[in-house]
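Protein chains in written order, with the working numbering: chain U, 1 to 230; chain R, 1 to 343.
Every residue gets a Cβ at the ideal spot worked out from N, C-alpha and C, and that includes glycine.
Only a predicted model underlies this, so the values are computations on that prediction, with no experimental measurement involved.
One structure below.
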Amino acid sequence: MLELKNLNAGYGSSQVLFDLTMDVKQNEIVSIIGRNGVGKTSTLKAVMGLIQTMSGSIRFDSAEISALPTYRRGRLGMAYVPDDRGIFVNITTAENLRIPLIGHKAEKRDNLELVFSLFPILKERWNQKAGTLSGGEQQMLTIARGLVVRPKLLMLDEISEGLAPEVIMNCCSVFNKLKPETAILIAEQDVRVAMEISDRVYIMLNGSVAFHGTVAQVKQGQAIEKYIHL
Amino acid sequence: MEETLFRKQPRYPWVIGYAVLAFIFLALPFLTTYDVLVEDIIIWSLFTMGFNLAFGFTGMVSLGHGVFFGVSAFTVGILTLHWNRSVVTIPIGIAMGTLTGFVVGYISLKRARVDVHKALRIAYLVLISIAASYVTMYIFLTPLAKYSGAEMGLLGFPNHPMRVLGNLEIDLKSRTQIYVIVGVVALIVIGWLHRIASSPAGLIMRAVRENEIRVGFLGYNTFRFKLLVYTLTAFVASVAGALYLLRSGFISVDVFDFKFTSELVVICLLGGRNAFLGPMIGTAIFLILKDVISSYTASWGLFLALVLIFSVLYLPGGIGPMMFSLPRRVIQRWVKKSEIAPR
């Protein structure tokens with residue numbers, strides 16, 4: 001599904017990702033964990049084309065995408081949920097969910113129902129300006145906006161931020177249900193949450209992968225102690 | 001289910017609004033002695049409402065729309081005087097204005113990609129539109145001076161009727177004919193703009209204004225979208241330019257000056273840039289104030305400055321939206337009082 005190979009990327013001239021190699025397969029939830037500033041968010045941004053690829057390759061659905069502009073990647077079926085609650089605050093909840101759906105008509109109904117079953121509160125806030133939603137609700141809306149088009153790959157940055165534990169667990173069970181259609185890549189600071197929901201985990205250190213494996217392997221190898229609680 | 005979820009706004013307020021507009025555009029000029037002012041308001045409203053689609057809705061600050069207005073008006077005028085006295089010149093003029101808009105938009109948006117800081121992106125647009133203003137000013141003052149009338153402006157336009165088809169002619173000196181043409185065209189274009197503003201495209205415009213990057217990763221090519229909106233507004237400016245020439249029979253190079261377009265920004269801010277009808281209310285207030293105050297004193301600019309300071313401090317949303325919300329608030333307060341009173 002998604003393959004990063006020897007990826008070097010950065011903001012302008014300052015490089016933040018070094019020789020990064022990573023992959024997400026169909027039917028998989030993968031988490032990237034690591035401390036602050038190791039390049040978790042930058043990895044997602046590089047995949048989405050929001051930061052420049054210097055060298056290396058990004059393949060999505062076995063097509064090279066590292067030279068494509070962001071909007072083309074979006075159209076290929078990637079959805080990105082940024083950590084800064086990337087909603088449009090001056091328009092309503094409904095309009096926020098409308099924007100990604102313009103042009104896709106077929107399964108609109110099911111997708112919205114899925115979103116409502118996951119976040120029933122959004123239905124109550126339907127005609128309210130998104131800027132007036134609480135922090136947690138905005139986070140839900142951001143995730144909903146990513147989910148509503150049923151992307152092939154959903155990338156989430158810090159889902160645990162601002163959400164109540166039961167909402168997170170609820171999300172996870174839905175992600176598990178969606179897995180066959182939507183592979184999921186999560187950048188997460190909360191190790192416990194990441195270990196709970198993922199099939200595989202990448203631990204990043206200084207812009208590249210320090211360790212990767214299944215959750216069991218990570219636990220066995222004491223990788224968390226080694227690379228995160230330094 | 002989606003019908004109820006993404007339900008359309010009820011239609012009747014718009015129908016009433018449109019009926020009121022139709023009255024103002026088609027009947028009012030014949031009912032008042034201030035017909036010249038009313039016609040000015042109509043043409044300028046069309047111009048500013050188009051401009052506001054770029055400025056207020058999409059967040060593109062341009063000072064180049066006077067250029068498109070002027071290119072269109074001059075093209076129609078020059079071609080009519082020197083080439084062909086028929087309405088065929090009007091679509092050519094509008095096409096020239098629109099094309100100029102496309103070129104200016106392309107140059108200024110090309111480098112303003114999402115990774116460029118927002119303030120810089122706006123600066124690019126402003127600077128390139130100022131450049132366009134200087135370039136067209138030069139073109140019409142120097143190489144085309146013989147045709148454009150240079151500082152004097154285009155003279156002699158309305159002296160001959162314009163041929164439409166066969167023996168059918170537009171008499172440029174007949175107020176009735178011109179007012180009907182201006183009113184009908186303005187109504188059609190404004191209706192069309194309203195459709196666009198309330199369509200999904202209007203939603204994307206507002207989203208682009210807020211955060212272009214996010215719109216990008218939702219799968220939209222924001223460069224093309226913005227260029228399309230810019231060209232569309234240039235088209236509306238060109239239509240307004242052509243109508244202005246038909247109505248007044250005169251156009252001068254002053255319209256190329258970016259100060260002329262900066263008045264549009266003022267009007268949009270005054271009337272309310274987030275509301276579709278805001279610029280029209282802004283235009284009416286602006287032109288009426290200008291007319292009234294200029295007849296008393298030469299320092300009209302000073303009054304404008306006061307109005308602007310007041311509206312920035314107390315009406316950041318503009319006067320337009322306030323005109324609708326204020327009566328509602330007064331009524332609500334009055335209803336509340338009468339509910340409390342009996343106790």
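I'd like to know whether the C-beta of residue i is nearer than 8 Å to at least one C-beta of chain R.
| i | result |
| --- | --- |
| U/N90 | yes |
| U/V114 | In the sequence as displayed, the identity of residue 114 of chain U is Leu instead of Val. Chain R contact via Cβ: absent. |
| U/V195 | Contrary to the premise, residue 195 of chain U reads as Met rather than Val in this sequence. Cβ-Cβ to chain R under 8 Å: no for U/M195. |
| U/L178 | no |
| U/M232 | There is simply no residue 232 of chain U to check, as chain U begins at 1 and stops at 230 in what is shown. |
| U/Q217 | no |
Report, in whole angstroms, the separation of the C-beta atoms of residue i and residue j, which I expect to be a contact under 8 Å.
| i | j | result |
| --- | --- | --- |
| R/T297 | R/G50 | The Cβ separation is near 32 Å, so there is no contact. |
| U/L178 | U/Q139 | U/L178 to U/Q139, Cβ: 18 Å. No contact. |
| R/L289 | R/F276 | Their Cβ separation, rounded to whole angstroms, is 22 Å, which puts R/L289 and R/F276 out of contact at 8 Å. |
| R/G64 | R/V104 | 5 Å |
| U/M22 | U/Y202 | 6 Å |
| R/A237 | R/G97 | 6 Å |
| R/V38 | R/L28 | 5 Å |
| R/L187 | R/I43 | Not confirmed; about 12 Å, so no contact. |
| R/G278 | R/P321 | 7 Å |
| R/V266 | R/G66 | Actually they do not touch by this definition, with Cβ atoms about 13 Å apart. |
| U/L147 | U/L141 | With a Cβ gap of about 11 Å, U/L147 and U/L141 do not count as contacting. |
| U/R200 | U/V30 | 5 Å |
| R/L168 | R/G249 | No, R/L168 and R/G249 are not in contact; Cβ-Cβ is about 20 Å, not under 8 Å. |
| U/E161 | U/D61 | At roughly 29 Å, the Cβ-Cβ gap does not stay under 8 Å, so U/E161 and U/D61 are not in contact. |
| R/F140 | R/V253 | 5 Å |
Report yes or no: is there a C-beta of chain U within less than 8 Å of the C-beta of residue i?
| i | result |
| --- | --- |
| R/L218 | yes |
| R/E351 | Limits of chain R in this structure are 1 at one end and 343 at the other, which puts residue 351 of chain R out of reach. |
| R/T222 | yes |
| R/L384 | An answer regarding residue 384 of chain R cannot be provided, because it is not within the stretch 1 to 343 covered by chain R. |
| R/V61 | no |
| R/I213 | yes |
| R/R273 | no |
| R/A207 | yes |
| R/P200 | yes |
Kindly indicate if chain B contains any beta-carbon less than 8 Å away from that of residue i.
| i | result |
| --- | --- |
| U/I228 | Given the protein chain composition of this structure (U and R), no chain B is represented. |
Q: Taking a Cβ distance cut-off of 9 Å, strictly less, list which residues of the stretch 149–183 of chain R are near chain U, in chain order.
A: Contacts with chain U (Cβ-Cβ distance below 9 Å) from the stretch 149–183 of chain R involve no residue at all.
Q | Where the stretch 151–165 of chain U meets chain R: residues whose CB sits under 7 Å from a CB there | A | Of all residues in the stretch 151–165 of chain U, none has a C-beta nearer than 7 Å to a C-beta of chain R.
**Q.** Any 3 or more C-beta pairs closer than 8 Å across the stretch 84–95 of chain U and the stretch 121–132 of chain U
**A.** Short answer: they touch.
Q: Identify every run of the beta strand (DSSP E) within the stretch 175–216 of chain U, keeping only runs that are complete inside it and at least 3 residues long; order them along the chain.
A: For the stretch 175–216 of chain U, whole beta strand (DSSP E) runs of length 3 or above, ordered along the chain, are 183–187, 200–205, 208–214.
Q) For the stretch 65–85 of chain U, which residues have a beta carbon sitting closer than 7 Å to at least one beta carbon of chain R? A) Answer set for the stretch 65–85 of chain U: T70, Y71, G74, R75, Y80.
Q. Taking any Cβ of chain R, which residues in the stretch 90–104 of chain U have a Cβ under 7 Å from it, in chain order?
A. Answer set for the stretch 90–104 of chain U: N90, I91, A94, E95, R98, I99, P100, I102.
Q) Can you list the alpha helix (DSSP H) stretches of 4 or more residues lying completely in the stretch 97–142 of chain R, in chain order? A) Annotation note: the stretch 97–142 of chain R contains the following uninterrupted alpha helix (DSSP H) runs of length 4 or greater, listed N- to C-terminal: 118–141.
Q) In chain order, which continuous runs of the beta strand (DSSP E) of length 3 or greater are located wholly inside the stretch 93–167 of chain U? A) Counting only runs of 3 or more, we get 153–157.
Q) Closer than 8 Å, Cβ to any Cβ of chain U: which residues of the stretch 121–148 of chain R, in chain order? A) Across the stretch 121–148 of chain R, no CB contact with chain U closer than 8 Å is found for any residue.
Q) Using a beta-carbon distance cut-off of less than 9 Å, what residues from the stretch 306–339 of chain R approach chain U? A) Residues passing the 9 Å Cβ filter: none.
Q.
I'd like to know if the stretch 217–229 of chain R and the stretch 71–78 of chain U are in contact, where contact means that at least 3 CB-CB pairs between them fall below 8 Å.
A. Short answer: they touch.
Q) Counting pairs of Cβ atoms below 8 Å between the stretch 162–181 of chain R and the stretch 194–210 of chain R, do you hit three or more? A) Not touching, per the Cβ criterion.
Q: Mind listing, in chain order, the continuous alpha helix (DSSP H) runs of no fewer than 4 residues lying wholly within the stretch 304–340 of chain R?
A: Those alpha helix (DSSP H) runs which fall completely within the stretch 304–340 of chain R and span 4+ residues are 319–340.
Q) Quick one: any contact between the stretch 264–273 of chain R and the stretch 314–325 of chain R, if contact means 3 or more CB pairs under 8 Å? A) In short, these stretches touch, since the Cβ pair count reaches three.
**Q.** the stretch 278–287 of chain R in contact with the stretch 160–175 of chain R per 3-pair CB rule at 8 Å
**A.** The stretch 278–287 of chain R and the stretch 160–175 of chain R do not touch, with fewer than 3 CB-CB distances between them shorter than 8 Å.
Q.
So, does the stretch 191–200 of chain R touch the stretch 39–46 of chain U, judging by three or more C-beta pairs under 8 Å?
A. Pairwise C-beta distances place the stretch 191–200 of chain R out of contact with the stretch 39–46 of chain U, as fewer than three of them are shorter than 8 Å.
Q: Kindly confirm or deny that the stretch 153–169 of chain U and the stretch 178–191 of chain U touch, where touching means at least three C-beta pairs closer than 8 Å.
A: Below 8 Å, enough C-beta pairs join the stretch 153–169 of chain U and the stretch 178–191 of chain U to call them touching: three or more.
Q) Which whole runs of the beta strand (DSSP E) in the stretch 228–257 of chain R are 3 residues long or more, in chain order? A) Taken in chain order, the stretch 228–257 of chain R contains no complete beta strand (DSSP E) segment of 3 residues or longer.
Q: Counting only runs of 4+ residues fully inside the stretch 175–218 of chain R, write out the alpha helix (DSSP H) ranges in chain order.
A: Here the runs fully enclosed are 175–197, 200–210, 212–217.
Q: May I have a chain-ordered list of the alpha helix (DSSP H) segments no shorter than 4 residues that lie completely inside the stretch 49–78 of chain U?
A: Fully enclosed alpha helix (DSSP H) runs of 4 or longer: 70–75.
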